[in-house]
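All residue numbers for the sequence shown refer to the numbering used here, where the first residue is -16 and numbers rise by one. No residue lacks a Cβ here, since even glycine has one placed at the ideal position from N, Cα and C. Note that the coordinates shown come from a computational prediction; the quantities given were computed from them, not determined experimentally. Everything below concerns the one structure shown next.
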Amino acid sequence: SLSTGSLSLQPFEYPVCTEEGVVFDLLSIVPWIKKYGTNPISGEPAALSLFFSLLHFVPGKYHCPVLYNVFTNNSHIVANKVSGNVFSYEAVEQLNIKTKTICIFLVMDEEKAKQDPAYHLKSTNLETRETLAELYKEYKGDELLASTMKEPQAKKTDKLNAAHYSTGRVSASFTSTAMTPATTHEADAIADDTVRYQYVKKKGYVRLHTNKGDLNLELHCDKVPKAGENFIRLCKKGYYDGTIFHRSIRNFMIQGGDPTGTGTGGESFWGKPFKDEFRPNLSHTGRGILSMANSGPNTNKSQFFITFRSCTYLDRKHTVFGRVVGGFETLTAMENIESDPKTDKPKSEIKIISTTVFVDPYEEADVQV
């Protein structure tokens, strides 16, 4: 009942209320708190300081002092914790919430409380209260949002990776209100690989041991360092050992480097595709050109092909990264093996047994860096 205390279940004389909206008679709750020290409804530890007095209760029918609505047992009422005044929710909604005005019966703490979803729940059962309590305990949305809004930490520069151009933060902050103002020009940081590749000055040399003979390869590591390093690193880890040349077209090229042997597999040394490296002085001109196979721009992985003759129409479509410098008789033996006209797969298996890296210019570059 609206006029009885929750502990005594008798009409109250001096009503007090908790933040949860439970009303007690002061004469009943004080002895309970002194004896048990708990909230008789929730069983949680409680003190008299957690209760605040209500001022709207006077003899007769209880009503809202603003709208003069008579309160019933089903009325939605709102109590001001600071003043103790009690009003109908309709009065607060019409005069405060809808008008966005803080009047005498709302204070700033209550304005913040409206942002809580529980504020709009007139009554809840035990399951709902437990769910909301668990939500408040584990909710980390604000923390996650704040972490995503942090500016990425700039990479520190030193004498090796400092670029000759700035980060552009000064001009960006001057023209954008979304950025923190910056007044100092800072040199941009060059990517680690770019710094390393500046020290790669030599060619790489690798031998492919196949079941048809050996192929000696010269790699243009000084001109296309990314593709060269990818091939050398894969050879060193034995990635190509036991793989087959799955595609061979006479007077065109032979392709391999796919561990699955299907032409659809393979990964780069870094686990993701890397960008093309086109150079005007590297062309698919002549027999024995070593080039990267791909499925489109910047999709280089592990597959490669060796040309049987010039195919300059592949320039700027595939990265040329080496050439055959020894074992042309082996290349001829490979070309002479017939292939399935439908799949271009050699009818006789051509397999890479193992690889040997003779010169790795990246090791020397790492020492200098």
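Where DSSP assigns a beta bridge to K334, which residues make up the other side? Locating residue 334 in the sequence shown gives position 351, counting from the first residue. I227.
Cutoff 7 Å; reference H46; Cβ partners in own chain excluding five residues on either side: Numbered from its first residue, the sequence shown carries residue 46 at position 63. Excluding residues within five positions, the ones whose Cβ falls inside 7 Å are N52, V53 and F54.
Whole angstroms are fine: how far does the CA of E321 sit from the CA of I232? On the sequence shown, residue 232 is found 249 positions in, with the first residue counted as 1. On the sequence shown, residue 321 is found 338 positions in, with the first residue counted as 1. Approximately 9 Å between the Cα atoms of the pair.
Smallest Cα separation from D205: which of V183, N63 and I16? Locating residue 205 in the sequence shown gives position 222, where the first residue counts as 1. Nearest of V183, N63 and I16 to D205, Cα basis: V183.
Between the Cα of P329 and those of G279, K64 and G239, spot the shortest distance and give me the residue it belongs to. Counting from 1 along the sequence shown, the entry for residue 329 is found at position 346. Closest option to P329, Cα to Cα, is G239.
Proximity winner among T338, R179 and M236, relative to K220 (alpha-carbon distances): The residue you call residue 220 lines up with position 237 of the sequence shown. Comparing Cα positions, the closest option is T338.
Go ahead and label A116 buried or exposed: buried means 16 or more other beta carbons lie within 10 angstroms of its beta carbon, across all protein chains shown. As a first step, residue 116 is located in the sequence shown; it is residue number 133 there, counting from the start. It is exposed - the Cβ of A116 has fewer than 16 other Cβ atoms within 10 Å.
Looking at C-beta atoms only, is the number of pairs between the stretch 274 to 293 and the stretch 235 to 254 that lie closer than 8 Å three or more? yes
Classification of I333 by the beta-carbon crowding that lies within 10 angstroms, buried from 16 upward: Looking up residue 333 in the sequence shown gives position 350. Label assigned to I333: buried.
Which two residues bound the contiguous beta strand (DSSP E) that contains G239? Here the question's residue 239 lines up with position 256 in the sequence shown. Run containing G239: M236 to G239, per the beta strand (DSSP E) assignment.
By the three-class DSSP mapping on this structure, what secondary structure does E117 have? Here residue 117 refers to the residue found at position 134 when the sequence shown is read from its first residue. DSSP places E117 in helix when its eight states are reduced to three.
Close Cβ partners of G187 (< 7 Å) along its chain, the five nearest in sequence each way excluded: Counting from 1 along the sequence shown, the entry for residue 187 is found at position 204. These residues qualify, in order along the chain: L202, C204, G211, I215, V342, D343 and P344.
Tell me the rounded alpha-carbon separation between A62 and T111. As a working note, residue 62 is residue 79 in the sequence shown. As a working note, residue 111 is residue 128 in the sequence shown. Each residue's alpha carbon lies about 22 Å from the other.
Quick check on the DSSP output: the alpha helix (DSSP H) that includes G269 runs from which residue to which? What you label residue 269 is simply residue 286 of the sequence shown in a count that begins at 1. Neither: G269 is in no alpha helix (DSSP H) and is coded neither H nor E.
Using the three-state DSSP reduction, which class does S285 fall into: helix, strand or coil? To locate residue 285, count along the sequence shown from 1; it is residue 302. If DSSP states are grouped into helix, strand and coil, S285 belongs with coil.
Please name the residue, chosen from V5, G254, N57 and R306, that lies closest to T268 on a Cα-to-Cα basis. Stepping through the sequence shown from its first residue, residue 268 is reached at position 285. Here the closest residue by C-alpha is R306.
Compute the Euclidean distance between the alpha carbons of V75 and V5, then round it to the nearest angstrom. What you label residue 75 is simply residue 92 of the sequence shown in a count that begins at 1. What you label residue 5 is simply residue 22 of the sequence shown in a count that begins at 1. If I take the Cα positions, the gap works out to 19 Å.
DSSP puts T290 in a beta bridge; with which residues? Position 307 of the sequence shown, counted from the first residue, corresponds to residue 290. Answer is M236.
Can you give me the Cβ contacts of V340 inside the same chain, cut-off strictly under 7 Å, excluding the 5 residues immediately before and after it? Mapped onto the sequence shown, residue 340 falls at position 357. Excluding sequence neighbours, V340 sits near V189, I215, C218 and K219.
Excluding the five sequence neighbours on either side, which residues of its own chain have a C-beta within less than 7 Å of the C-beta of P208, listed in chain order? Translated into the one-based positions of the sequence shown, residue 208 becomes position 225. So the qualifying residues of the chain are Y180 and V183.
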